[in-house]
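Novice:
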Amino acid sequence: MSNINFLKPDRTNLNTFLYLGSFLFFISILDVFLNSFFRLNLTGFLPNFLSFLLPIVLGFVGLYFIRIEYSGIKNLDLLNKHINTNNFNAVLSLLIIFIIIKSLPPILSWFVIDASFAGDTKDVCTGSGACWTYIKVWMRRFMYGMYPNAEQWRINLSFVALVLLGSVGYFATDKFKKYLTLYYVVIYPLIAFLFIFFFISGGPIFFDFSYGIIAAILSVIIGFFIPSKFKFYYFLIVPLALYVILKYFLFFEEYIELGKLDGLNWVETGAWGGLSLTFIISFFCLIFCFPIGMAFALGRRSEFPLIRYISVGFIEFWRGVPLITVLFMSAVMFPMFLPEDFFIDKLVRAIIAISLFEAAYVAEVIRGGLQALPRGQYEAAKSLGMGYWKMHIFVILPQALKLVIPGIANTFLALVKDTPLIFVVGLLEIVGMLNLAKTNPKWLGFAMEGYVFAAIIFWIICYAMSKYSYNLEQKYKTDR
Amino acid sequence: MNFKLKDIVPQLITVFAVVLVFGFFTYNAQINMENRGIDFGYGFLSQESSFDVQFSLIEYDGSHSYFRAYLVGLLNTILVSVIGIIIATILGVIVGIARLSPNYLINKFAAFYVEFFRNIPLLLQIFFWYFAALRALPLPQDAEAMFGVFFLTIKGLYVPAFIWQNFNIFLYSVIAAIIAIIVIRAHAKKVQENQGKQIPVFLISIGLIFILPLLSFLIGGVRLSFEVPVLKQLATTSFIYEGGVSLPPELIALTLSLSLYTATFIAECVRAGIQGVGKGQKEAAASIGLTPNQVLKLVIMPQALRIIIPPTTNQYLNLTKNSSLAAAIAYPDLVLVFAGTALMQTGKAIEIVSITMFTYLTLSISISILMNWYNKKIAIQEK
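What follows is the structure, encoded as structure tokens:
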């Protein structure tokens, strides 16, 4: 019995065990460390298999010896509590420490020490490490795709402008705060649309379309000042009239020529690509899928059976098929469904397809929020005499949307991660460009660097988004 | 009357709009097909396909029909989904539990894994494994054997093939073992509910699943031998392995990335489920004298499963749908074989895309029906 007591560490002979245990633990770590960083094998005199197992055995015994409950030493107690609660945990902790020590040198040497950064040809990449020169040389292609080098300032300018315009919300004074929703929902997307489809593409083909959008937005804005008595007639007549005026009286053909912003070359969407295309697609899909999803979420909870069935059918259909088949459909099947002379750009087709697809997911998320609201909210709103739309806009949706922020953020994250799939319709965003660069005969054999580079970029974007959504969730948390 | 009109008009308008859109599409499709001289129909399914598929679970070559090509693709999709779901579940449960570990290192390691793999697009991961990681593997002639029988090479993984005699008897013994386990479990549950006695079901189950098949070897005349892959030289620098089963690198890359990616989501579901069980439940169970294992098995898990299963089902569905990304690395799944090669050959865009979508819809809906049934079974039965 006394023997066992001797091996069982406790406070009475604290120091003996502490020094012995720490020493053994230290030796085991040192062995692995020297082994992996300096290729020294302290235990080389032992048979192979013993030398392999020795660090973990030593470390285990060491950790066993220093596992002294309530030792009175603060750091030791913390250590024991966190990584050394029992034998099983001790072994796992040791394994993880060893894995980290073992894997650090190869990773470091690949990323930094043996990697080549200088130069701009393949010849400099002779080391065993990564060839970041490859990334450096192809950077423009990875960022802008096949967009002409001389015109890339247009993309940069558009993105900078859009980021600045997007950050308006942070600087708005209280006086303007109430118009922010209107700004972000209506005006900002329009500006973004104009920027991207006119400034970046530099062509007039979307002009006719944009008259309609301008007319609709103008009429909505003016509509706020129309007495509700006349609103119905107003919306019946004015948008159409505005459209006609805009198209046939205000903007003549000469203005369309002007709209080309003299000197800007037309760059077809097939040449767009790289990370900027990832942003463009994510941005538009994000804008479009939200209202569509909201409409179908409301439709699914509608009291009219026909509307409900149609919504359920829509949602379940899109949720049941993979995105790649949806994009296949937009590429090969959709043109069959349109009149023969009617051509839709493939970027627009991809955006429509992804938006509809993600809208179904957004709809389900929002429906979850709507269902989570207590009935009392609906009844209270109704008892105040609110109609369907008033009730939803002022009472139900603000609360429901607050509830589903994490779900919406997850859907948007999925959207960003789904953008590489547009290779199906022949558009090459960053992953597509990587695959293209990889097959370039001058730069064969650098697949790893490319994918690691893209993975880092995507990881940063997605991680930042998920952290931001977490912050939003904390900010809008309301106790009920 | 006015009241009713208010109900009907919005519905009529919606239906009218839907019909209008569909009508517009079908009308255009008809005109387009007429102009291009394509006729609509599913008759091509029985025609000879005349293309080859490199990896197939059933016998197939160019002389078989398009329908058989469709089956090949479907089976490959199901294969990759099932393997992926199994690995992802095991990995996800381990990581999910590890994230709740009191051990700081394990906890952070699991968190790192989850945050790392779920924030990188799946397609990128597939490309990484296929084009970068698996391409770094040795050539067949340089490959070292793992455990003497597995060969992991740039051309895929070669594993020994099982050669059975009287395989059906072995199969019956396994089925008998499974039935016996189910019966014993039900009996044990009844005994526990009536008398409060615990029967060591787990040990008995393990015993049964080993002993019955073993008996089939001893008595039933089942024989098992292995066919180990052997290196064979085709030309001076070209080697392959013969014999055994070869798993193509596409399949390995796809299952690896699908399961690593989906496991992160399953891990989060598991974590949320276990955290969702109130602390009081654990304390109450411990205070009536249950051991930690019993607490986990009898109190925590049954409650946690109710929270875990619905989102995990969603993840299974996602994995199945994501397996269609196989087309990007030329693993012959449904999308590549049918919506890719077959479509290129026949040009029947509408038929083929609609069949493909319908197949995925059926797969999704059947998985969700199955899981809903299971979910209902384990739901709280309120009295």
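Chains A and B, in that order, give the protein sequences.
Residues in the first sequence are numbered consecutively from 6, following my numbering.
Residues in the second sequence are numbered consecutively from 208, following my numbering.
We put the CB at the ideal spot given by N, CA and C, even for glycine.
1. Provide the residue span of the alpha helix (DSSP H) that contains B:Ala339, from first to last.
2. Return the first residue and the last residue of the alpha helix (DSSP H) that A:Ala197 is part of.
3. If the criterion is Cβ atoms closer than 8 Å, does the pair B:Ala549 and B:Ser272 meet it?
4. Alpha helix (DSSP H) containing B:Glu490: first to last residue?
5. Is the CB-CB distance between A:Thr490 and A:Glu478 below 8 Å?
6. If distances are taken between C-alpha atoms only, which option among A:Gln376, A:Pro244, A:Ser281 comes closest to A:Met144?
7. Does chain B have any CB closer than 8 Å to the CB of A:Thr274?
8. Could you tell me whether the Cβ atoms of B:Leu312 and A:Ile106 are closer together than 8 Å?
9. Output needed in chain order: residues of the segment 458-472 of chain B with a Cβ under 8 Å from some Cβ in chain A.
10. Using the beta-carbon of each residue, which ones in chain B are nearer than 9 Å to A:Ser98?
11. What whole-angstrom Cβ distance do B:Ala384 and B:Ile416 have, given they're in contact under 8 Å?
12. Could you check what DSSP says for B:Ala276 in three-state terms: helix, strand or coil?
13. Given A:Ser98, which residues of its chain have a CB within under 6 Å of its CB, disregarding the five upstream and five downstream residues?
14. Just confirm the distance between the C-beta atoms of A:Leu59 and A:Ile71, as a whole number of angstroms; I'd bet it's less than 8 Å.
15. Do you know how far the Cα of A:Met453 is from the Cα of B:Phe338?
16. Out of A:Met438, A:Thr178, A:Phe204, point me to the one whose CA is closest to A:Gly150's CA.
17. Any idea what DSSP makes of A:Cys290, helix, strand or coil?
18. Report buried or exposed for B:Val216, applying the criterion of at least 16 other Cβ atoms within 10 angstroms of its Cβ.
19. Give, in chain order, every unbroken run of the alpha helix (DSSP H) that is at least 4 residues long and sits entirely within the segment 514-555 of chain B.
20. Can you list the residues of chain A that B:Arg342 reaches, using a CB-CB cut of under 8 Å?
21. Using Cβ-Cβ distances below 8 Å, what residues of the segment 394-411 of chain A are close to chain B?
22. Please check the pair A:Thr283 and A:Leu352, which I expect to be a contact at CB under 8 Å, by giving their CB distance rounded to whole angstroms.
23. Short check: CB of B:Gln440 to CB of B:Phe446, under 8 Å?
24. At the level of alpha carbons, what is the spacing between B:Gly248 and B:Glu558?
25. Using a Cβ-Cβ distance under 8 Å, would B:Ile576 count as near chain A?
26. Pull up the DSSP beta-bridge partners for B:Glu434, would you.
27. A:Ser316 to B:Ile220, Cα distance in whole Å?
28. Helix, strand or coil for A:Thr278, going by three-state DSSP, please let me know.
29. Based on the DSSP output, what are the partners of B:Gly483 in its beta bridges?
30. Please list, in chain order, the chain A residues whose beta carbon lies closer than 8 Å to that of B:Ser272.
31. According to the neighbour-count rule (16 or more other Cβ atoms, all chains shown, within 10 Å of its Cβ), is A:Thr131 buried or exposed?
32. For B:Tyr567, which residues in chain A fall below 8 Å Cβ to Cβ?
33. Is A:Arg354 closer than 8 Å to A:Ser335 when the C-beta atoms are compared?
34. Considering only C-alpha positions, which residue in the set A:Pro310, A:Arg372, A:Val421, A:Pro411 is nearest to A:Ile401?
35. In whole angstroms, give me the CA-to-CA distance for A:Ile61 and A:Leu84.
36. When burial is assigned at 16 or more other CB atoms within 10 Å of the CB, is B:Asn283 buried or exposed?
Specialist: Considering the structure as presented:
1. Position 132 of the second sequence, counted from the start, is the residue given in the question as residue 339 of chain B. Segment: none, B:Ala339 is in no alpha helix (DSSP H) and carries neither H nor E.
2. Mapped onto the first sequence, residue 197 of chain A falls at position 192. A:Ala197 -> alpha helix (DSSP H) spans 193-199.
3. Residue mapping note: residue 549 of chain B aligns to position 342 of the second sequence, counting from 1. Residue mapping note: residue 272 of chain B aligns to position 65 of the second sequence, counting from 1. No, the pair does not count as a contact, with Cβ atoms beyond the cut-off.
4. Locating residue 490 of chain B in the second sequence gives position 283, counting from the first residue. Run containing B:Glu490: 486-494, per the alpha helix (DSSP H) assignment.
5. A question about residue 490 of chain A goes unanswered here, because the residues of chain A that appear run from 6 up to 485.
6. Translated into positions along the first sequence, residue 144 of chain A becomes position 139. If we check each option's Cα against that of A:Met144, A:Ser281 comes out closest.
7. Looking up residue 274 of chain A in the first sequence gives position 269. Not one chain B Cβ lies under 8 Å of A:Thr274.
8. By 1-based counting over the second sequence, the position of residue 312 of chain B is 105. By 1-based counting over the first sequence, the position of residue 106 of chain A is 101. No, the pair does not count as a contact, with Cβ atoms beyond the cut-off.
9. none
10. Residue numbering aside, residue 98 of chain A sits at position 93 when the first sequence is read from its first letter. The contacting residues are Asn310, Tyr311, Leu312, Ile313.
11. If you number the second sequence from 1, residue 384 of chain B lands on position 177. If you number the second sequence from 1, residue 416 of chain B lands on position 209. B:Ala384 to B:Ile416, Cβ: 5 Å. Contact.
12. Here residue 276 of chain B refers to the residue found at position 69 of the second sequence. Helix, per DSSP.
13. Your numbering for residue 98 of chain A matches position 93 in the first sequence. Excluding residues within five positions, the ones whose Cβ falls inside 6 Å are Ile88.
14. Within the first sequence, the letter at position 54 stands for residue 59 of chain A. Within the first sequence, the letter at position 66 stands for residue 71 of chain A. Actually they are not in contact, since the Cβ atoms of A:Leu59 and A:Ile71 sit about 19 Å apart, beyond 8 Å.
15. What you label residue 338 of chain B is simply residue 131 of the second sequence in a count that begins at 1. What you label residue 453 of chain A is simply residue 448 of the first sequence in a count that begins at 1. Approximately 8 Å, taken between the alpha carbons.
16. Reading the first sequence from its first residue, position 145 is the one you call residue 150 of chain A. When each option's Cα is compared against that of A:Gly150, the closest is A:Met438.
17. Taking the first residue of the first sequence as position 1, residue 290 of chain A is located at position 285. Correct three-state label for A:Cys290: helix.
18. Numbered from 1 along the second sequence, position 9 holds the residue referred to as residue 216 of chain B. So B:Val216 ends up on the exposed side.
19. 550-553
20. Position 135 of the second sequence, counting from 1, holds the residue named residue 342 of chain B. Under the 8 Å cutoff, chain A gives Ala452.
21. none
22. Reading the first sequence from its first residue, position 278 is the one you call residue 283 of chain A. Reading the first sequence from its first residue, position 347 is the one you call residue 352 of chain A. In fact, because the Cβ distance is near 12 Å, the residues do not count as touching under 8 Å.
23. Along the second sequence, read from residue 1 onward, the residue named residue 440 of chain B stands at position 233. Along the second sequence, read from residue 1 onward, the residue named residue 446 of chain B stands at position 239. It is a contact, given that the beta carbons lie within the stated cut-off.
24. If you number the second sequence from 1, residue 248 of chain B lands on position 41. If you number the second sequence from 1, residue 558 of chain B lands on position 351. If you take the alpha carbons of B:Gly248 and B:Glu558, they lie about 7 Å apart.
25. One-based indexing of the second sequence puts residue 576 of chain B at position 369. Chain A contact via Cβ: absent.
26. The sequence position of residue 434 of chain B within the second sequence is 227, counting from 1. Paired residue(s): B:Ala368.
27. As a first step, residue 316 of chain A is located in the first sequence; it is residue number 311 there, counting from the start. As a first step, residue 220 of chain B is located in the second sequence; it is residue number 13 there, counting from the start. Distance between the alpha carbons of A:Ser316 and B:Ile220: 14 Å.
28. The residue given as residue 278 of chain A occupies position 273 in the first sequence. As written in the sequence, residue 278 of chain A is Gly, which differs from the Thr given in the question. DSSP places A:Gly278 in strand when its eight states are reduced to three.
29. Along the second sequence, read from residue 1 onward, the residue named residue 483 of chain B stands at position 276. DSSP, once it has assigned bridges, lists no residue as partnering B:Gly483.
30. Within the second sequence, residue 272 of chain B is the residue found at index 65, counting from 1. Going along chain A, no residue has its Cβ under 8 Å from B:Ser272, so there is no contact; the nearest lies around 22 Å.
31. As a working note, residue 131 of chain A is residue 126 in the first sequence. By the neighbour-count rule (16 or more Cβ atoms within 10 Å), A:Thr131 is not buried but exposed.
32. Residue numbering aside, residue 567 of chain B sits at position 360 when the second sequence is read from its first letter. Neighbours of B:Tyr567 on chain A, chain order: Gly325, Val326, Pro327, Thr330.
33. One-based indexing of the first sequence puts residue 335 of chain A at position 330. One-based indexing of the first sequence puts residue 354 of chain A at position 349. Taking 8 Å as the Cβ cut-off, A:Ser335 and A:Arg354 qualify as a contacting pair.
34. The sequence position of residue 401 of chain A within the first sequence is 396, counting from 1. Closest option to A:Ile401, Cα to Cα, is A:Arg372.
35. In the first sequence, residue 61 of chain A corresponds to position 56, counting from 1. In the first sequence, residue 84 of chain A corresponds to position 79, counting from 1. Whole-angstrom Cα-Cα distance: 18 Å.
36. In the second sequence, the residue the question calls residue 283 of chain B occupies position 76. It is buried - the Cβ of B:Asn283 has at least 16 other Cβ atoms within 10 Å.
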